[in-house]
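Report on one structure; see the data block that follows.
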Amino acid sequence: MNKLIKKVIKMNTLLKRIRNNKGNSLAEFAVTAAMMATLATTAAPRFAGVGETGKQNQTMANLDKIGQMANQFYMDKGSPQTANNPMGEGQGRIPGQERYDTKIGGYDKLTDLEDVMNEQFDKWDDAEGANWRSVFGTARANPSYTGEYNFTDDDGTKLGPTEWAAYLSQEEGPIVSPYQQGHYIYIVIPGGQKEYQNPETGAFTLIDCNECGPIMVIADAYNPSKFWTVKSFN
Numbered sequence: 439m440n441k442l443i444k445k446v447i448k449m450n451t452l453l454k455r456i457r458n459n460k461g462n463s464l465a466e467f468a469v470t471a472a473m474m475a476t477l478a479t480t481a482a483p484r485f486a487g488v489g490e491t492g493k494q495n496q497t498m499a500n501l502d503k504i505g506q507m508a509n510q511f512y513m514d515k516g517s518p519q520t521a522n523n524p525m526g527e528g529q530g531r532i533p534g535q536e537r538y539d540t541k542i543g544g545y546d547k548l549t550d551l552e553d554v555m556n557e558q559f560d561k562w563d564d565a566e567g568a569n570w571r572s573v574f575g576t577a578r579a580n581p582s583y584t585g586e587y588n589f590t591d592d593d594g595t596k597l598g599p600t601e602w603a604a605y606l607s608q609e610e611g612p613i614v615s616p617y618q619q620g621h622y623i624y625i626v627i628p629g630g631q632k633e634y635q636n637p638e639t640g641a642f643t644l645i646d647c648n649e650c651g652p653i654m655v656i657a658d659a660y661n662p663s664k665f666w667t668v669k670s671f672n
């Protein structure tokens, strides 16, 4: 955890990525931000030329756009069902979630991602991809590379690709990575819990938190350790 503490000064970079639906103070996410600060160096990739710069900027903009879609979906689900909001469920959740307190993908808590996103998961064909799910569906991925991907579609009773697609512009269609090998993937940490860091040992433990919403991480499979964003629904 010493490495983590040294990089807490990078917290502001991550805090700018965290969106809050109910106006809570960002200070409430200090523990989350401190843990994720070890990843913040990936938020500003080293540019390698004008063409590469354009791709990097584009994929980060795409990730933000997907995050905005998730935010709208969450708010719509959190409102009661009405004639004007037939998709309302009375409690917010993320596309593909069965409920707000269920996970999508292979991670139970945010700290599970510390090593994964700190340059470990750096290529579209990495085995770590098995813990991730496609945003818009693997059927929409580049067919030249689908055989190399390890991530899959969410296949619960509430299909992720279908629910995401409902929030796409018909004119625009699915949001596509500027990289040929790229594809947008995501995971969801369940709501109903939060991580507590013991100030003496530095260890993280999960505790119940009914008012805590889920946390979503979206990435470009081209290089998830460089191109990712995190969104907290609290």
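Sequential numbering of the sequence shown, starting at 439, is according to our numbering.
A virtual CB, placed ideally from N, CA and C, is assigned to each residue, including glycine.
Within 10 angstroms of its Cβ, does Pro518 collect 16 or more other Cβ (buried), or is it exposed? Looking at its Cβ environment, which holds fewer than 16 other Cβ atoms inside 10 Å, Pro518 is exposed.
Host beta strand (DSSP E) of Thr643 (start-end): If you look at Thr643, you'll find it in the beta strand (DSSP E) that goes Phe642 to Asp646.
On the DSSP letters alone, give me the boundaries of the beta strand (DSSP E) that Trp602 sits inside. First-last for Trp602: Gly598 to Ala603, but that is the alpha helix (DSSP H), not the beta strand (DSSP E).
Taking C-beta to C-beta, are Tyr660 and Tyr617 nearer than 7 angstroms? Going by C-beta atoms, Tyr660 is nearer than 7 angstroms to Tyr617.
Under 8 angstroms, with one C-beta from each stretch per pair, do the region 544-557 and the region 602-620 reach the 3-pair mark? no
Alpha carbon to alpha carbon, how far is Glu557 from His621? Give it in angstroms, no decimals. 18 angstroms
Based on the DSSP output, what are the partners of Lys669 in its beta bridges? Met654
Let me know if Ile504 comes out buried or exposed under the rule of 16 or more other beta-carbons within 10 Å of its beta-carbon. buried
Exposed or buried, what is Glu601 when buried is set at 16 or more other beta-carbons lying within 10 Å of its beta-carbon? Note on Glu601: 16 or more other CB atoms within 10 angstroms of its CB, so buried under the neighbour-count rule.
To the nearest angstrom, report how far apart Asp539 and Asp593 are at their CA atoms. 17 angstroms
Are Asn588 and Ala568 touching if we call contact CB-CB under 7 angstroms? yes
Reduced DSSP category for Ile504 - H, G, I as helix; E, B as strand; rest coil: helix
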